[in-house]
Structures are given as structure tokens and as C-alpha cells.
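Protein chains in written order, with this note's numbering: chain L, 1 to 113; chain C, 114 to 228. The structure appears below as C-alpha cells.
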Amino acid sequence: AQSVTQLGSHVSVSEGALVLLRCNYSSSVPPYLFWYVQYPNQGLQLLLKYTSAATLVKGINGFEAEFKKSETSFHLTKPSAHMSDAAEYFCALPVDSSYKLIFGSGTRLLVRP
Amino acid sequence: DTEVTQTPKHLVMGMTNKKSLKCEQHMGHRAMYWYKQKAKKPPELMFVYSYEKLSINESVPSRFSPECPNSSLLNLHLHALQPEDSALYLCASSQGRYGDSGEAFFGQGTRLTVV
């Protein structure tokens, strides 16, 4: 069965520090993988998506993610955290070729001044 | 225009009220979705419309009634809700199936409180 696991419900970093949010998936090679960000009382905004065209994917706001088939991972990184990055982050995987998305449980990123 | 617009942003309703949530997109997307999101949880799929026809109903109680008047609009009619239905309701759209054509675009949500 397909699944998405996000390790760490909360991640706390200092401003300027590296951000690493972990996502592991269980699936045959997925056609897509997504990272979404949700600011408080807002909808979800797409940060980036893996489309099999490239394993290193660059997204908005300085985020990037690397697809590693051997590790079934799609971790999200940002070299230097900013206070405005504080939000909830969701990794998501399409269910086969359907209208359903499997979301990870989410990781809340806290950025300390 | 890559926006999905939801109205209202906030809604407080009594358990005997009838209200509607509205969603609009002008990206030419043929799939539209309603999700429910409780605090500190990921969104849960409620309904999917594909080409204006109901494609998926995730066993949602009948007090939630979706409607897709045309390819750009999606409504969610609410009647006799319970306090546990209080949540953020998100609308989304996509060009097609996620596995075929990529991501969903989400609206800002309607924060619903049932009193």
C-alpha cells in the first residue's frame, strides 16, 4: 500500500540555520511527489514537486528537495531559515493515477530568533 | 490566474442553519475538490468532481451536499451540522488526476464554526 511518512511532528531551528524536513514514501516509483506549505489559517501552497525530470527539485522561497529512489525519500531542505518560514509542511503522494492524494502527517517548523 | 477563491473566509452557524460554501477557479481545471482539515491534521478528502460530475464521495454524511454548477464553480451546502464539523474547509482544483497531470491548487479555506 502507498504511504507517506514525515518524521518529526515539530522541527525547531534557529534563524539562519539549515532546515531539513524529512519525507519517506512507500510506492512504486511515483510519477509525482509534492511538498506543500500551510501558514496559519491559510490554504496549502505548493512549494515544489518531483516529476521524474530531475531528482533535485528547486521550489519557491529557497526550498529544494532531492528524490532518492534507493532511500524512498524526498526530504525538503533550505540552507538558511527565515522567520517567515515558520509554518506547517506536508509531503504528499498521488494514489496511483487517481484523484486522491496521500498526505504525510505534517511537520511544524518553528524558527527561533 | 492561478488562484482558487473561496468564500466566505469565516462562517459561524448554528446547528439548525443552512449555509453554503463557495469555490471558484478560472484555470480551466476539470477536477475540483472539497477537503476538510481539523487542527494539526492533514487535509481529508471529502468530494471530487471531474468534468462537473461527482467522481468521489468519501462516505461523507448527507448533511454535507456538494454541487458543481459549472466547470469553474463548486459549492458545498451545509445543513444540520454538528459541533464536530467545525474545521477548515479547503477547496482545490487540478487539471486532471494527480498521477497524470500534477498538483492541486488550494484555496485559502473557509474556517467553519458550528455552535
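All C-beta atoms in this analysis are idealised placements derived from N, C-alpha and C, irrespective of residue type, glycine included.
Delimiting residues of the beta strand (DSSP E) encompassing ALA65 (chain L): For ALA65 (chain L), the uninterrupted beta strand (DSSP E) run begins and ends at 64-68, by DSSP.
Around the C-beta of GLN195 (chain C), are 16 or more other C-beta atoms found within 10 angstroms, so that it is buried, or is it exposed? exposed
Taking the C-alpha atoms as reference points, what is the distance between LEU167 (chain C) and GLY8 (chain L)? 36 Å
Helix, strand or coil for TYR211 (chain C) per DSSP? helix
Per-residue DSSP class, three states only, for MET230 (chain C): Limits of chain C in this structure are 114 at one end and 228 at the other, which puts residue 230 (chain C) out of reach.
In the structure shown, what three-state DSSP assignment does PRO31 (chain L) receive? If DSSP states are grouped into helix, strand and coil, PRO31 (chain L) belongs with coil.
Just verifying my parser: in three-state terms, what is the DSSP assignment at SER105 (chain L)? Under the three-state reduction of DSSP, SER105 (chain L) is assigned to coil, being neither helix nor strand.
Residues within the region 44-74 of chain L neighbouring chain C, beta-carbon criterion of under 9 Å: LEU44, GLN45, LEU46, LYS49 and THR51
For SER84 (chain L), which of helix, strand or coil comes out of DSSP? helix
Are the region 27-47 of chain L and the region 214-226 of chain C touching, with three or more C-beta to C-beta distances below 8 Å? yes
Short check: CB of VAL227 (chain C) to CB of GLU197 (chain C), under 9 Å? yes
What three-state label does DSSP hand GLU137 (chain C) in the structure shown? Three-state DSSP puts GLU137 (chain C) in a strand.
Chain L partners of ALA143 (chain C), CB-CB under 8 Å? For the sequence presented, residue 143 (chain C) should be read as Arg rather than Ala. The contacting residues do not exist; ARG143 (chain C) stays about 11 Å from chain L at best.
Within its chain, find whatever has a CB closer than 6 Å to the CB of TYR25 (chain L); leave out the 5 residues flanking it on each side and keep chain order. VAL4, THR72 and LEU93
So with Cβ pairs under 9 Å, would you call LYS153 (chain C) a contact of chain L? At least one beta carbon of chain L lies nearer than 9 Å to the beta carbon of LYS153 (chain C).
Please classify HIS190 (chain C) as buried or exposed, where buried requires at least 16 neighbouring CB atoms within 10 angstroms. So HIS190 (chain C) counts as exposed.
Distance between beta carbons of LEU203 (chain C) and TYR148 (chain C), contact taken as under 8 Å: 4 Å
Between GLN208 (chain C) and chain L, is the shortest Cβ-Cβ distance under 9 Å, so that the two count as touching? Output row for GLN208 (chain C): interface = no.
Taking only beta-carbon atoms, is GLN168 (chain C) less than 9 Å away from chain L? Note on identity: in this sequence residue 168 (chain C) is Ser, with Gln being the wrong assignment. Yes - at least one Cβ of chain L is within 9 Å of the one on SER168 (chain C).
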